[in-house]
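**Q**
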Amino acid sequence: MITMIAAAAENNALGKDNDLVWHLPDDFRRFKRLTSDHYIIMGRKTFETFPKLLPDRTHVVITRQEDYQPKGVIVVQSLVEALKVSKLDPQVFIIGGGEIYRQGMEYADRIELTRVHGKFDADTFFPAIREDEWKLIKEEHHPADDKHKYAFTYKTYDRRKD
Numbered sequence: 001m002i003t004m005i006a007a008a009a010e011n012n013a014l015g016k017d018n019d020l021v022w023h024l025p026d027d028f029r030r031f032k033r034l035t036s037d038h039y040i041i042m043g044r045k046t047f048e049t050f051p052k053l054l055p056d057r058t059h060v061v062i063t064r065q066e067d068y069q070p071k072g073v074i075v076v077q078s079l080v081e082a083l084k085v086s087k088l089d090p091q092v093f094i095i096g097g098g099e100i101y102r103q104g105m106e107y108a109d110r111i112e113l114t115r116v117h118g119k120f121d122a123d124t125f126f127p128a129i130r131e132d133e134w135k136l137i138k139e140e141h142h143p144a145d146d147k148h149k150y151a152f153t154y155k156t157y158d159r160r161k162d
């Protein structure tokens, strides 16, 4: 299964200047729980926002830079190549950024979306989820609280088969 996992605002904003525009500790924990022990596919810019490798995950980084080879990472030139090197994992995650999500829409079986309730100024966006292609199968709302400035809803979509 290929799953895209993201946190996006109501205007599909993902981030600005290679950073998130909100801080949701519960979403970080959920991301870690879902992606641990799996391959995570991302673009180079997304990878470079990490202070270090995420533990217990195999990092696959897509870049057009031919001499790019950070330690501990599988480097590929395309999403198709990333999916090929990840095929031994029955549950692969595409984790961003915006262009990789856009390309991933045609390959993904599931979307795990954290919908952040608000609209944000951003330079990177998640692609629109088309209701004719995707079916919402689960959602779980979380109100804002002392650790979460914004309310958010976990939404799980499966690709329609009908």
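The sequence shown begins at 1 in UniProt numbering and counts up one residue at a time.
Note that beta-carbon positions come from the ideal geometry of N, C-alpha and C, so glycine has one too.
(1) If you draw a straight line from the alpha carbon of R17 to that of E106, how long is it in whole angstroms?
(2) Output yes or no for whether 8 Å exceeds the beta carbon distance between A8 and R115.
(3) Counting along the chain, where does the beta strand (DSSP E) carrying G15 start and finish?
(4) Say whether the segment 37–45 touches the segment 19–27, bearing in mind that this needs 3 or more beta-carbon pairs closer than 8 Å, one atom from each stretch.
(5) Quick one: which unbroken beta strand (DSSP E) runs of 3-plus residues sit fully inside the UniProt domain "DHFR" (1–159)? Chain order, please.
(6) Going by beta carbon distance, what residues of the same chain come within less than 6 Å of T58, once the five residues before and after it are set aside?
(7) Suppose you measure from the CA of residue 172 to the CA of P143; what does that come to, to the nearest Å?
(8) Distance check for D27 and D121, CA to CA, integer angstroms please.
(9) Just the Cα atoms here: how many angstroms apart are D123 and T46?
**A** On the basis of the data shown:
(1) The sequence shown places Asp at residue 17, not Arg. One C-alpha to the other measures close to 26 Å.
(2) At the C-beta level, A8 and R115 come within 8 Å of one another.
(3) DSSP places G15 in the uninterrupted beta strand (DSSP E) bounded by A13 to G15.
(4) The segment 37–45 makes no contact with the segment 19–27, as fewer than three CB pairs between them are under 8 Å.
(5) Fully enclosed beta strand (DSSP E) runs of 3 or longer: 2–9, 13–15, 39–43, 58–62, 73–76, 92–94, 110–116, 134–142 and 152–159.
(6) For T58, where only same-chain residues beyond five positions count, the Cβ hits under 6 Å are Y39.
(7) Any answer about residue 172 is impossible in this case: the structure gives the chain only from 1 up to 162.
(8) Rounded to the nearest whole angstrom, the CA to CA distance from D121 to D27 is 20 Å.
(9) Each residue's Cα considered, the two are about 13 Å apart.
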